[in-house]
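Under numbering that gives the first Met the number 0, the first residue of the sequence shown carries the number 0, and numbering increases by one thereafter. Positions of the beta carbon are idealized from the N, C-alpha and C atoms, including for glycine. Remarks on the structure that follows.
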Amino acid sequence: MAAVPSSFATISQAADSTTTKFCGLRKSLLPTSTGNCFALPKIKDRSRLNMAVATDASRFHAVPMAPPDPILGVSEAFRADTSDLKLNLGVGAYRTEDLQPYVLNVVKKAEKLMLEKGENKEYLPIEGLAAFNKATAELLLGADNPVIKEGRIATVQGLSGTGSLRLAAAFIQRYLPGVKVLISSPTWGNHKNILNDAGVPWSEYRYFDPKTVGLDFDGMLADMKDAPNGSIILLHGCAHNPTGIDPTTEQWDIIADVIQEKEHIAFFDVAYQGFASGSLDEDANSVRRFAARGMELFVAQSYSKNLGLYAERIGATNVITTSPELALRIKSQLKRLARPMYSNPPVHGARIVANVVGDPALFDEWRAEMQLMAGRIKQVRQKLYDELVAKDKSGKDWSFILKQIGMFSFTGLSQSQSENMTNKWHVYMTKDGRISLAGLSSAKCGYLADAIIDSYYNVQ
Ligand code: PLA
Numbered sequence: 000m001a002a003v004p005s006s007f008a009t010i011s012q013a014a015d016s017t018t019t020k021f022c023g024l025r026k027s028l029l030p031t032s033t034g035n036c037f038a039l040p041k042i043k044d045r046s047r048l049n050m051a052v053a054t055d056a057s058r059f060h061a062v063p064m065a066p067p068d069p070i071l072g073v074s075e076a077f078r079a080d081t082s083d084l085k086l087n088l089g090v091g092a093y094r095t096e097d098l099q100p101y102v103l104n105v106v107k108k109a110e111k112l113m114l115e116k117g118e119n120k121e122y123l124p125i126e127g128l129a130a131f132n133k134a135t136a137e138l139l140l141g142a143d144n145p146v147i148k149e150g151r152i153a154t155v156q157g158l159s160g161t162g163s164l165r166l167a168a169a170f171i172q173r174y175l176p177g178v179k180v181l182i183s184s185p186t187w188g189n190h191k192n193i194l195n196d197a198g199v200p201w202s203e204y205r206y207f208d209p210k211t212v213g214l215d216f217d218g219m220l221a222d223m224k225d226a227p228n229g230s231i232i233l234l235h236g237c238a239h240n241p242t243g244i245d246p247t248t249e250q251w252d253i254i255a256d257v258i259q260e261k262e263h264i265a266f267f268d269v270a271y272q273g274f275a276s277g278s279l280d281e282d283a284n285s286v287r288r289f290a291a292r293g294m295e296l297f298v299a300q301s302y303s304k305n306l307g308l309y310a311e312r313i314g315a316t317n318v319i320t321t322s323p324e325l326a327l328r329i330k331s332q333l334k335r336l337a338r339p340m341y342s343n344p345p346v347h348g349a350r351i352v353a354n355v356v357g358d359p360a361l362f363d364e365w366r367a368e369m370q371l372m373a374g375r376i377k378q379v380r381q382k383l384y385d386e387l388v389a390k391d392k393s394g395k396d397w398s399f400i401l402k403q404i405g406m407f408s409f410t411g412l413s414q415s416q417s418e419n420m421t422n423k424w425h426v427y428m429t430k431d432g433r434i435s436l437a438g439l440s441s442a443k444c445g446y447l448a449d450a451i452i453d454s455y456y457n458v459q
């Protein structure tokens, strides 16, 4: 393969992180609004200081109340509702047909093995558990992928998808300063928070077309072409959240063409591998096609959904680059960024993943359980569609629900309609009209269809 110039060519091997000098905040990164920071009161003379102490003893009195999180705040509101009818379709968390949380059998088996082995609780290295890092890269790319064989990947265990995205964002902020990340409109809301907090500039590319309830492919390509050369394009590897609309394989290839022409870097968020189609390999198709072209990539992975390890916070940051030597340098810098943020990652989830992926029998069982979960979601998707078509006599085309992929359905309900779903029907969902089908049972599909039809036709 011809030598490809790397976007990371100027990165040097990290020195021991304890000797790193950090020069302080750049002025441009200091918070400018009071929305998510607090301002210390300006106290000019001592009498005012005394009064301030007397009336409000806290130095934090200017801290404003933050709004509830648009997704996790929904679960808080759900917990507070005492109605028997209540249904939590907010957060994307898999429930059984009885609407109970589900711990995978393979996870229980792996944990039993771990207990029997009497594993210790020593610190992991900064980059995480070696067996996990190997397993996660292989799961993403396939074990015999040239990227792995040639050592062109830097993998660091992360704090699930969110933490792994955040680490990649910190790397971008430090080594590609000022480079803009383009995110889809709409996208998972936390992408914006992550980039904002990392001090990474971003803008949006068109993605969803409300008219066709499908992909605005031309708009997406046009916005990528319009972006400054060398931008970073954040893509959902599969099961786009919140729309449930993924590009086709042909469209992925065209997206890759544009990214290469423009010397952009693709940044994949892979939070649902195996959950979209039920197949780990199929759901990694987008990333693998890009990697096969020799493109440099960021990939954040999560095991929250596909292994049901939500609270274990296990995932990975991967950077695919052009040479093994550069991969080592990049990894050293990822470690240097991780050390002052959280020092080293938690071990439990990493051991579960390493055990499940590393044991052929457990691995097969995992795949079967994943297909079961993905299959149940497909079933309720179909049932919801059937109920809507049977109950809605207006002839509205609800088939978009069947075309969407993954955990969610993007219903097209407006904010006030979504509020009606919650206030009148006790159906908890995000205000952008997204419902998590992973939190729906077949038994509740009829009730949900009634709620959607009422909200759609009776609320402006
Ligand atoms: N990326 C995307 C696209 C996601 O949807 C989520 C989770 C994550 C990353 C991060 O998940 P993790 O940190 O748990 O690995 N989105 C959820 C939960 C399921 C959430 O908002 O935190 C959602 O309901 O959208």
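* **Presumed contact (8 Å Cβ cut-off) between Arg203 and Ser184, rounded CB distance** => Before going further, note that residue 203 is Glu rather than Arg in the sequence given. Right, the Cβ-Cβ distance comes to about 4 Å (below 8 Å), so this counts as a contact.
* Can you tell me which of Val105, Val106, Leu88 and Lys107 puts its alpha carbon nearest to the alpha carbon of Leu98? => The shortest Cα separation from Leu98 among Val105, Val106, Leu88 and Lys107 belongs to Leu88.
* Under a three-way DSSP split, which group does Leu387 fall into? -> helix
* To do: Could you say which of Phe7, Thr95, Tyr309 and Ala65 lies nearest to Ser441 if we only look at CA atoms?
  => Thr95
* To do: Flag Trp187 as yes when its Cβ comes closer than 8 Å to any non-hydrogen atom of the ligand PLA, and as no otherwise.
  => yes
* To do: Kindly indicate which three-state DSSP category Leu220 falls into: helix, strand or coil?
  => helix
* Measuring from each Cβ to the nearest heavy atom of the ligand PLA, keep the ones under 5 Å and list them in chain order. => Ile70, Val90, Gly91, Ser159, Gly160, Thr161, Trp187, Asn240, Asp268, Ala270, Ser301 and Ser303
* To do: Note down the Cα distance separating Leu447 from Gly188, rounded to an integer number of angstroms.
  => Straight across, the Cα-Cα distance linking Leu447 with Gly188 is about 24 Å.
* Asked: Hey, quick one: how far does the beta strand (DSSP E) through Trp201 stretch, first residue to last?
  -> Trp201 to Arg205
* Asked: Does DSSP classify Gly374 as helix, strand or coil?
  -> helix
* Asked: For Ser342, does the three-state DSSP call read helix, strand or coil?
  -> If DSSP states are grouped into helix, strand and coil, Ser342 belongs with coil.
* At 4 residues or longer, and completely inside the stretch 127-188: list those alpha helix (DSSP H) runs for me, N to C. => 129-140, 145-148 and 159-174
* Asked: Considering Asn419, what are the terminal residues of the alpha helix (DSSP H) in which it resides?
  -> Gln414 to Asn422
* Asked: Exposed or buried, which one is Phe59 when buried takes at least 16 other CB atoms within 10 Å?
  -> exposed
* Out of Ala109, Asp83, Thr154 and Ser159, point me to the one whose CA is closest to Leu345's CA. => The sequence given here places Pro at residue 345; Leu does not occur at that position. Out of Ala109, Asp83, Thr154 and Ser159, Ser159 has the C-alpha closest to the C-alpha of Pro345.
* Roughly how many whole angstroms lie between the Cα atoms of Lys179 and Phe274? -> Going by the C-alpha atoms only, they are around 30 Å apart.
* Asked: Since Gly213 sits in a beta bridge, which residues does DSSP pair it with?
  -> Asp208
* Asked: In its own chain, which residues sit with a C-beta less than 6 Å from the C-beta of Ala387, not counting the 5 before and 5 after it?
  -> Looking at the sequence itself, residue 387 is Leu, so the reference to Ala does not match. Trp397 and Ala448, listed in sequence order.
* Do you know offhand how far Ala373's Cα is from Val379's? -> 10 Å
* Which residues in the same chain as Tyr384 place their Cβ atom closer than 8 Å to its Cβ, once the five residues preceding and following it in sequence are excluded? -> Counting only Cβ-Cβ distances below 8 Å, and skipping sequence neighbours, we find Trp397, Ser398, Ile400 and Leu401.
* To do: Examine chain C for any beta-carbon lying closer than 9 Å to the beta-carbon of Gly117, and answer yes or no.
  => The structure shown contains no chain C, having only a single protein chain.
* Return the Cβ separation of Ile264 and Ala109 in integer angstroms, given the expectation that the two are a contact with Cβ distance under 8 Å. => Actually they are not in contact, since the Cβ atoms of Ile264 and Ala109 sit about 35 Å apart, beyond 8 Å.
* Nearest candidate by alpha-carbon position, reference Ile70, set Asn192, Arg288, Ile182 and His235 -> Asn192
* Would you kindly report the start and end of the unbroken beta strand (DSSP E) that includes Gln250? => Element bounds for Gln250: not the beta strand (DSSP E) but the alpha helix (DSSP H), Thr248 to Glu260.
* To do: Helix, strand or coil for Gln300, going by three-state DSSP, please let me know.
  => strand
* Just the C-alpha distance for Asn354 and Ala270, rounded to the nearest angstrom, thanks. => Between Asn354 and Ala270, the C-alpha separation is close to 20 Å.
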